[in-house]
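Trainee: In the working numbering, the protein residues as written are 244 to 620. Quick reminder that beta carbons are idealized off the backbone N, C-alpha and C, glycines included. Just dropping this structure here.
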């Protein structure tokens with residue numbers, strides 16, 4: 244774990260300071276963490292099909308595990324370790340279930356292959372609902388990766404039924420290839436595709452760059468360095484994007500789900516600041532609603548707006564963490580104002596991801612192999 248932390252510290256410029264709590268947690272509710280599963284191998288994502296009480300946990304080496312009736316099943320739902328290059332920021336990075344999974348049995352995975360390139364594939368569940376059919380793999384999307392870091396890697400079905408795909412800028416430092424601002428590449432973008440139509444997918448006709456010469460029509464948003472977890476608020480439909488910064492700032496963006504073609508600024512800007520220059524052209528850029536400096540962490544881990552039923556006092560709060568900071572923060576967006584608060588739940592360790600189950604309860608995943616559920620005390 245320490246070796247991986249050292250690698251990430253170099254890649255994102257991890258600061259030396261410990262997290263400084265912005266605001267204490269509220270008086271109306273106290274939060275705690277309940278262990279759901281442990282002993283996992285580098286868990287990096289958790290989700291569930293619509294209406295399904297099981298939890299599906301992605302292990303970075305290439306497996307998807309199931310928690311069923313409170314127990315971690317021994318046999319993986321899917322094991323593609325033979326196809327995956329894992330380590331550092333590479334590996335099996337997410338799974339997304341078809342909105343009609345109960346009928347289709349389809350789900351999608353994002354991973355880095357043995358050459359280090361990004362692949363999105365579709366699979367189907369077998370006759371056993373706890374086991375996928377590994378022979379059902381269907382290629383959906385491929386992206387060459389010039390460097391080993393900044394793969395993005397998240398797949399999420401939006402409220403519109405489209406599949407959103409996050410890709411980082413291709414890696415190294417400072418976006419040396421200029422991918423973030425280049426509409427001719429998928430790198431440094433969030434894509435929006437329709438995998439239920441076309442071969443291997445269809446381009447939604449209302450994507451913002453469908454008619455622009457030289458632009459990739461899959462692009463929904465651009466100017467991103469490494470979107471390490473984005474999510475849709477189940478109630479408002481706002482799209483929250485946590486984007487990992489370079490040397491100084493981490494950021495959270497929050498915009499309407501139907502706001503197409505937004506430019507989030509990288510590598511012209513890092514957070515709310517010009518990158519590599521004292522001044523820069525900010526015209527046409529969408530600035531984050533929140534940033535924090537590397538004295539508070541090193542690499543943001545984005546989460547979700549809480550919309551579960553178990554803790555109504557925190558409904559509408561967006562939860563996030565930091566890989567180095569290991570704290571639990573949240574904020575409630577008021578217009579474009581986000582005042583974060585820190586929850587006194589103790590040091591979590593290296594937080595790799597958040598997860599959301601079928602009923603909107605939230606989970607925290609750590610590099611050490613533990614999955615926690617956020618609960619009230």
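#1: Leaving out five residues before and five after residue 356 in sequence, what residues of the same chain have Cβ atoms less than 8 Å from its Cβ?
#2: What residues in its chain sit with their C-beta under 6 Å from that of residue 546, if we drop five residues either side in the sequence?
#3: How should residue 341 be labelled, buried or exposed, when 16 other C-beta atoms within 10 angstroms of its C-beta is the threshold for buried?
#4: Drop a sphere of 10 angstroms on the beta-carbon of residue 520, count the other beta-carbons inside from all chains shown, and report buried for 16 or more, exposed for fewer.
#5: Do you know how far the Cα of residue 330 is from the Cα of residue 401?
#6: According to DSSP, residue 378 sits in a beta bridge with which residue or residues?
#7: With DSSP collapsed to three states, give me the class of residue 269.
#8: Roughly how far, in whole angstroms, is the beta-carbon of residue 323 from the beta-carbon of residue 377, given that I think they are within contact range, below 8 Å?
#9: Which value, in whole angstroms, describes the spacing of the CA atoms of residue 321 and residue 372?
#10: Run the CB neighbour count on residue 272, radius 10 Å, all protein chains shown included, and call it buried at 16 or more, exposed below.
#11: Counting along the chain, where does the alpha helix (DSSP H) carrying residue 345 start and finish?
#12: Contact between the region 575-587 and the region 602-615 is defined here as three or more beta-carbon pairs at a separation below 8 Å; is this criterion met?
#13: Quick check on the DSSP output: the beta strand (DSSP E) that includes residue 530 runs from which residue to which?
#14: Could you tell me the distance, in whole angstroms, from the CA atom of residue 374 to the CA atom of residue 431?
#15: Between which two residues does the beta strand (DSSP E) containing residue 432 stretch?
#16: For residue 267, which residues of its own chain have a beta-carbon under 6 Å away from its beta-carbon, when the five flanking residues on both sides are left out?
#17: List the DSSP bridge partners of residue 616.
Mentor: If we stick to the structure as given:
#1: Leaving aside the five residues that flank residue 356 on each side, the residues in its chain whose CB is nearer than 8 Å to its CB run, in chain order, 326, 327, 328, 362.
#2: Counting only Cβ-Cβ distances below 6 Å, and skipping sequence neighbours, we find 562, 563, 597.
#3: Result: buried.
#4: With fewer than 16 other Cβ atoms within 10 Å, it is exposed.
#5: Approximately 29 Å between the Cα atoms of the pair.
#6: For residue 378, which the question treats as bridged, DSSP gives no partner whatsoever.
#7: A caution first: residue 269 carries a pLDDT of 49, below 50, which makes its placement in the model unreliable, though a value can still be read off. Coil.
#8: Under the criterion of beta carbons closer than 8 Å, residue 323 and residue 377 qualify as touching, at roughly 7 Å.
#9: The alpha-carbon atoms of residue 321 and residue 372 are separated by roughly 11 Å.
#10: Classified as exposed, residue 272 has fewer than 16 neighbouring CB atoms from the shown chains inside 10 Å of its CB.
#11: Membership of residue 345 in the alpha helix (DSSP H) is indicated by the continuous run 344-347.
#12: Cβ pair count under 8 Å is below three, so no.
#13: For residue 530, there is no enclosing beta strand (DSSP E), since its DSSP letter is neither H nor E.
#14: For residue 374 and residue 431, the distance between alpha carbons rounds to 34 Å.
#15: Judged by DSSP secondary structure, residue 432 falls within the beta strand (DSSP E) whose first and last residues are 432-436.
#16: Residue confidence for residue 267 is low, a pLDDT of 46 falling below 50, so the modelled location carries little weight; the figure read from the coordinates is stated next. Once the five neighbours on either side are set aside, residue 267 has no close Cβ partner at all.
#17: Its beta-bridge partners are 277, 606.
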